[in-house]
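Some notes on the structure that comes next.
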Amino acid sequence: MEPTLADSPIQLAVLISGAGTTLANLIDRIANRTLRAEIKLVIASRRGIGGIERARSAGLACEIIERSEFATVAQFSAAVFGRCAAARVDLICMAGWLSLLEIPQGLEGKIMNIHPSLLPSFGGLGMYGPRVYQAVLDHGCKVSGCTVHFVDQSYDHGPIILQRTCPVLDDDTAETLARRVFEEEKIAYAQAIEMFQRGRLRIQGGRVFVHDMRT
511 MEPTLADSPI QLAVLISGAG TTLANLIDRI ANRTLRAEIK LVIASRRGIG GIERARSAGL
571 ACEIIERSEF ATVAQFSAAV FGRCAAARVD LICMAGWLSL LEIPQGLEGK IMNIHPSLLP
631 SFGGLGMYGP RVYQAVLDHG CKVSGCTVHF VDQSYDHGPI ILQRTCPVLD DDTAETLARR
691 VFEEEKIAYA QAIEMFQRGR LRIQGGRVFV HDMRT
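Residue 627 in the working numbering sits at position 117 of the sequence shown, and the numbers go up by one each step.
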């Protein structure tokens, strides 16, 4: 049986830099009521990406804030988080977002990212898309998966909220492994958002502890 979700929908901002497949998953889960949330704002870091059309087709507010328009990471970050603040969101979800951001005080523990590997392996600058899956295959890993974590000042770093795994098969390609990992991503992100929504996550000493609501 599905757990009972919190009464009030959590208000989300979703940050995208590509095709928007993770955004589409969140839209679908909200529509089928397996995630009690509302996407108040989508921010794209580049023009001409597929995720913009996905957002607008779903009737979502979507703004483009390009990194190239700002001289510094700090200025770019201020623009992004300023729009999130104006939208009065509860949680910021990176969904294939590729630009480094400076996390201001007050937003620690309020920004999530999902990465298509079991961090800390196969993460960091330049590790995105097919490069991640190919690296997993090149290293001969037998298990892969995804990681949802809170965002800090470094790429693919910050306290891990949850991970889900899947097998790596002998005949896998980067494409077939990506499809299998994404099936786990679809479950993991919704689970992490729900745990945040219910107040179950506590960060202590660089680790995330999940409070059991039954106790």
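For glycine and all other residues, C-beta sits at the position ideal for the given N, C-alpha and C. A quick note: this is a predicted structure, and the numbers were derived from the prediction, not measured.
Identity of the residue in the options nearest residue i by Cα
{"i": "D682", "options": "R710, R674 and C651", "result": "C651"}
{"i": "G634", "options": "T657, G619, L617 and G616", "result": "T657"}
{"i": "R564", "options": "I549, E576 and I575", "result": "I549"}
{"i": "P519", "options": "S654, R543 and P677", "result": "R543"}
{"i": "G715", "options": "L672, G668 and Q585", "result": "G668"}
{"i": "G639", "options": "F692, R556 and R577", "result": "F692"}
{"i": "F580", "options": "A597, P630 and S555", "result": "S555"}
{"i": "F632", "options": "L545, I540, L679 and H649", "result": "H649"}
With 16 other Cβ atoms within 10 Å as the buried cut-off, status of residue i
{"i": "H721", "result": "exposed"}
{"i": "G709", "result": "exposed"}
{"i": "T532", "result": "buried"}
{"i": "Q707", "result": "buried"}
{"i": "P799", "result": "Nothing in the structure corresponds to residue 799, since the chain is present only between 511 and 725."}
{"i": "Q585", "result": "exposed"}
{"i": "A688", "result": "buried"}
{"i": "F719", "result": "exposed"}
{"i": "R717", "result": "exposed"}
{"i": "D666", "result": "buried"}
{"i": "L679", "result": "exposed"}
{"i": "R539", "result": "buried"}
{"i": "E512", "result": "Per-residue confidence for E512 stands at a pLDDT of 38, beneath the threshold of 50, marking its modelled position as unreliable; no derived number is given."}
Beta carbon of residue i nearer than 8 Å to that of residue j
{"i": "S664", "j": "W607", "result": "no"}
{"i": "A534", "j": "V552", "result": "no"}
{"i": "A529", "j": "G558", "result": "no"}
{"i": "L628", "j": "S587", "result": "no"}
{"i": "L522", "j": "A547", "result": "yes"}
{"i": "V583", "j": "L610", "result": "yes"}
{"i": "E573", "j": "R598", "result": "no"}
Sequence-distant residues of its chain with Cβ nearer than 8 Å to residue i (five each side left out)
{"i": "M622", "result": "L601, I602, C603, M604, V658, H659, F660, V661, I671, Y699, A702, I703 and F706"}
Beta bridge counterpart(s) of residue i as assigned by DSSP
{"i": "I621", "result": "I602"}
{"i": "C656", "result": "R674"}
{"i": "E548", "result": "Q521"}
{"i": "C572", "result": "V552"}
Residues near residue i by beta carbon distance below 7 Å, same chain, minus five either side
{"i": "I613", "result": "I621, V661, D662 and Q663"}
{"i": "A684", "result": "P640, Y643, Q644 and L647"}
Sequence-distant residues of the same chain with beta carbon closer than 6 Å to residue i, five excluded per side
{"i": "E695", "result": "I624 and C656"}
{"i": "I575", "result": "I553, A589 and V590"}
{"i": "I537", "result": "A568"}
{"i": "R712", "result": "F719"}
{"i": "I562", "result": "A554 and C572"}
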